[in-house]
Amino acid sequence: MINITLPDGSVRQYESGITAMGIAKSISEGLARKVLAAKVNGEVWDASRPVTADATLKLLTWDDTDGKSTFWHSSAHLMAEAVESLFPGVKFWVGPALDKGFYYDMDLGDRKLSEEDLVALEKKMAELAKQNNNYVRAEMPKAEAIAYFEEKGDEYKLDLLQNLEDGKITFYSQGGFTDLCRGPHIPNTGFIKAMKLTNIAGAYWKGDEKNKQLTRVYGVSFPNQKELDEYLLMLEEAKKRDHRKLGKELGIYTMDDEVGPGLALWMPNGTIIIEELERLAKETEQAAGYKRVVTPHIAKESLYLTSGHLPYYQDSMYPAMEMDGTKYYLKAMNCPHHHKIFAAEPKSYKDMPLRLAEYGTCYRYEQSGELFGLMRVRCLHMNDAHIYCTKEQFAEEFKAVNEMYLKYFKIFGVEKFVMRLSLHDPAKLGQKYIDEPALWKETEEMVRKVLIETGTPFIEVPDEAAFYGPKIDVQIWSIIGREFTLATNQVDFAQGRRFKLEFTNKDNAPETPLIIHRAPLGTHERFIGFLLEHYAGKFPVWLAPLQVKVLPISDKFIPYSNEVKGKLLKAGIRVEVDERSEKIGKKIREAELSRVPYMLVIGEKEMNEGHLSVRRQGKGDTGSQAVDEFIAMIVEEFAERKA
RNA sequence: GCCGUUGUGGCUCAGUGGUAGAGCACUUCCUUGGUAAGGAAGAGGUCAUGAGUUCAAUUCUCAUCAACGGCUCCA
376 MINITLPDGS
386 VRQYESGITA
396 MGIAKSISEG
406 LARKVLAAKV
416 NGEVWDASRP
426 VTADATLKLL
436 TWDDTDGKST
446 FWHSSAHLMA
456 EAVESLFPGV
466 KFWVGPALDK
476 GFYYDMDLGD
486 RKLSEEDLVA
496 LEKKMAELAK
506 QNNNYVRAEM
516 PKAEAIAYFE
526 EKGDEYKLDL
536 LQNLEDGKIT
546 FYSQGGFTDL
556 CRGPHIPNTG
566 FIKAMKLTNI
576 AGAYWKGDEK
586 NKQLTRVYGV
596 SFPNQKELDE
606 YLLMLEEAKK
616 RDHRKLGKEL
626 GIYTMDDEVG
636 PGLALWMPNG
646 TIIIEELERL
656 AKETEQAAGY
666 KRVVTPHIAK
676 ESLYLTSGHL
686 PYYQDSMYPA
696 MEMDGTKYYL
706 KAMNCPHHHK
716 IFAAEPKSYK
726 DMPLRLAEYG
736 TCYRYEQSGE
746 LFGLMRVRCL
756 HMNDAHIYCT
766 KEQFAEEFKA
776 VNEMYLKYFK
786 IFGVEKFVMR
796 LSLHDPAKLG
806 QKYIDEPALW
816 KETEEMVRKV
826 LIETGTPFIE
836 VPDEAAFYGP
846 KIDVQIWSII
856 GREFTLATNQ
866 VDFAQGRRFK
876 LEFTNKDNAP
886 ETPLIIHRAP
896 LGTHERFIGF
906 LLEHYAGKFP
916 VWLAPLQVKV
926 LPISDKFIPY
936 SNEVKGKLLK
946 AGIRVEVDER
956 SEKIGKKIRE
966 AELSRVPYML
976 VIGEKEMNEG
986 HLSVRRQGKG
996 DTGSQAVDEF
1006 IAMIVEEFAE
1016 RKA
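Residue numbers for the first sequence follow our numbering, beginning at 376 and rising by one.
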């Protein structure tokens, strides 16, 4: 007999060799019908795998993250079975579960998949699912597995096998399909009741663009049709919040073929948001002891040779233009210019830390396939600043920058974020990273220490640092689940020396400053793209391009409406009057759709009483208010940047 | 950059081997109406661009450009 400890702490005794499914059945038949897999001693197992020793066990259902991912992994196998039956001779690479769904990479030879093929595959999957085929696990010695795939001529699976230890090679079969697979899987295909193949894409084998491109088919599946329908509905809703759609609808920005891809044109409404963000940044930075600078958009080649950017990032810069025999580049970053400002006058330790800030315009030649609405563009406006400080000041400065992030996040209501500490890869010193092993170690340790001391939650990611030092990227998620690397905070121990930046220390000796690169609000492009999705276009008053729309009931009230508008304008509020001879219902509808935060309905009663009928976007009529009272309220809401 | 899909008035989208249509938006007129679409008339498109096939191309073929979904990349 063995002891099985369940999540509630209870211990049950079973015969050795009992399966998770057997245990589920001993608890209740209903539960057994829902069990997809089990977590045994923390490892996810097939529900049909025998347990032969004491263990802790958690039954996994659709309600568990691990249950879902097992379900989707099994769905990927089901899809592969369908693909194999429709397109014999196909070779498979890998087919994992995703956060939402699954994919399978396959080599279809010369065959191209079409949308119709996906429909046919879905039909086949549904048919195969109904057969209730069990997912059967089998172990095989490595040599036998190699022989099996050599015979099949499957170079992909042979490649996978190379990295697997002998004795642990497992295969899974369901119906007529067998695949090399670590598992685990759900009990049988019958659990998969609803599936949708969402798209076809090319994907390089092993993610390397030098390798052959395989066909990747994405899909998602559910244990019932209702959840699939809900999911599809959710996708529709997400589309409505897409910043590209909202950006167009609300007149925020536009792109034009003749201007060029990735070059956003900011329309009047978008420009108001930009200016509000800059006002916030300038206020915040001034209070934090920053000084503003302005620098040109281009510089000579030699500047980027000095900074070291050119050899590392030439491919991502616009090609040079030549003038009088000298090459000039559009700047892809502001730091070299700022370093030259630091260097322009002799510095003493008394000048440190020196914080130079600029909303700098940068140009980056992103690959054409990378461009994506406002999120990846070729011209960007960065909330940039460089802090030059001594080693002793570093921790405090770095901390202050982190605090600035948090202050901003609070204003914008960003609750979910992750700080990623990006480290260098020692193997790539001298190539991707500046060859200073000791400095890398030292600065990485300094950053880690600050993060730990301030209790900032963070994750470490190797091989993602900047070439001049470790960095912290802040990742956030828009409401529709899109992931953003927004803010960045980087340590730079290299450029100070490359530019021969110095200050005179207390001992009257020259010393090279450490530099912190930071951009808490990222770029206007990416940040406003995020905000559009975050607020679904319903900006808070302080950011709203138009804050108040005055809606006269009829033409008779236009003069009084304009009086009200005048008072609001005087109070610094962005306001317009809808003077069209339309019915009030239509004016309200259009004002609501344009997402203006406040609508003021003015008719006979309001005019006589000096009042306004106030309507809040999305909330409807909020009652009558005296004009001065309303102005005082909205001015306060604006000034305090209320959410 | 690579794979795939798409490209018709400002927007959303029909449609056809014989040079185009709807709704919304726009303009004008009528209407002056109390909390999410009042009515009528009108204007607006060389069907992304270039080449080819054809008596004839927006429709078929190819190329280019751009957008979209991925991959790779992202100081």
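Idealized CB from N, CA, C, for every residue including glycine. Remember, predicted model here, so these are calculated numbers, not experimental data.
Could you give the distance in angstroms between the alpha-carbon of residue i and the alpha-carbon of residue j?
i: residue 859; j: residue 558; result: 32 Å
i: residue 655; j: residue 973; result: 22 Å
i: residue 483; j: residue 491; result: 16 Å
i: residue 399; j: residue 496; result: 33 Å
i: residue 702; j: residue 723; result: 34 Å
i: residue 775; j: residue 660; result: 11 Å
i: residue 450; j: residue 606; result: 16 Å
i: residue 803; j: residue 865; result: 19 Å
i: residue 602; j: residue 471; result: 21 Å
i: residue 585; j: residue 481; result: 17 Å
i: residue 640; j: residue 664; result: 32 Å
i: residue 416; j: residue 392; result: 15 Å
i: residue 954; j: residue 647; result: 23 Å
i: residue 390; j: residue 397; result: 10 Å
In the structure shown, what three-state DSSP assignment does residue i receive?
i: residue 556; result: coil
i: residue 534; result: helix
i: residue 606; result: helix
i: residue 489; result: coil
i: residue 403; result: coil
i: residue 696; result: strand
i: residue 818; result: helix
i: residue 992; result: coil
i: residue 974; result: strand
i: residue 858; result: strand
i: residue 561; result: coil
i: residue 613; result: helix
i: residue 783; result: helix
i: residue 418; result: strand
i: residue 514; result: strand
i: residue 374; result: The chain is shown only over 376 to 1018; residue 374 falls outside these bounds and no answer can be derived.
i: residue 956; result: coil
i: residue 927; result: strand
i: residue 388; result: strand
Return the chain-ordered list of same chain residues with a C-beta closer than 6 Å to the C-beta of residue i, the five sequence neighbours on each side being excluded.
i: residue 871; result: 887, 888, 890
i: residue 808; result: 799, 842
i: residue 685; result: 679
i: residue 901; result: 750
i: residue 517; result: 541, 544
Excluding the 5 residues flanking residue i on each side, which residues of the same chain have their C-beta closer than 7 Å to its C-beta?
i: residue 374; result: The shown model of the chain, from 376 to 1018, leaves out residue 374, and the question about it has no answer.
i: residue 904; result: 618, 748, 749, 750
i: residue 873; result: 681, 682, 683
i: residue 981; result: 987, 988
i: residue 819; result: 798, 845
i: residue 459; result: 465, 552
Where DSSP assigns a beta bridge to residue i, which residues make up the other side?
i: residue 425; result: 394
i: residue 690; result: In DSSP, residue 690 forms no bridge with anything.
i: residue 910; result: The partner list for residue 910 (beta bridge, DSSP) is empty, contrary to what the question assumes.
i: residue 590; result: 481, 577
i: residue 848; result: 795, 863
i: residue 549; result: 552
i: residue 595; result: 571
i: residue 754; result: 738
i: residue 834; result: 795
Going by beta carbon distance, what residues of the same chain come within less than 8 Å of residue i, once the five residues before and after it are set aside?
i: residue 913; result: 970, 972, 992, 993
i: residue 636; result: 630, 743, 746, 753
i: residue 531; result: 466, 467, 468, 482, 580
i: residue 741; result: 637, 691, 751, 752, 753
i: residue 550; result: 456, 503, 506, 508, 564
Are at least three pairs of beta-carbons, each pair with one atom in the segment 908 to 926 and one in the segment 743 to 758, less than 8 Å apart? Pairwise C-beta distances place the segment 908 to 926 out of contact with the segment 743 to 758, as fewer than three of them are shorter than 8 Å.
Does the segment 782 to 801 come close enough to the segment 937 to 957 that 3 or more CB-CB pairs lie under 8 Å? No, the segment 937 to 957 does not touch the segment 782 to 801.
Given 8 Å, three or more beta-carbon pairs between the segment 731 to 739 and the segment 661 to 676: With three or more CB-CB distances shorter than 8 Å, the segment 731 to 739 counts as touching the segment 661 to 676.
Do the segment 523 to 534 and the segment 380 to 388 meet, that is, are 3 or more Cβ pairs less than 8 Å apart? Contact between the segment 523 to 534 and the segment 380 to 388 is absent, because fewer than three Cβ pairs lie under 8 Å.
For the segment 417 to 424 and the segment 446 to 463, state whether three or more C-beta atom pairs, one from each stretch, are separated by less than 8 Å. The way I'd put it, the segment 417 to 424 doesn't touch the segment 446 to 463; fewer than three beta-carbon pairs between them come closer than 8 Å.
Pairs of beta-carbons, one from the segment 1002 to 1014 and one from the segment 945 to 964, closer than 8 Å: are there three or more? Touching, yes, given that three or more Cβ pairs across the two stretches are closer than 8 Å.
Any contact between the segment 547 to 567 and the segment 506 to 513? By contact I mean 3 or more CB pairs, one from each, below 8 Å. They touch, by the three-pair rule.
Is there contact here, the segment 586 to 594 with the segment 826 to 845, by at least three beta-carbon pairs under 8 Å? Cβ pair count under 8 Å is below three, so no.
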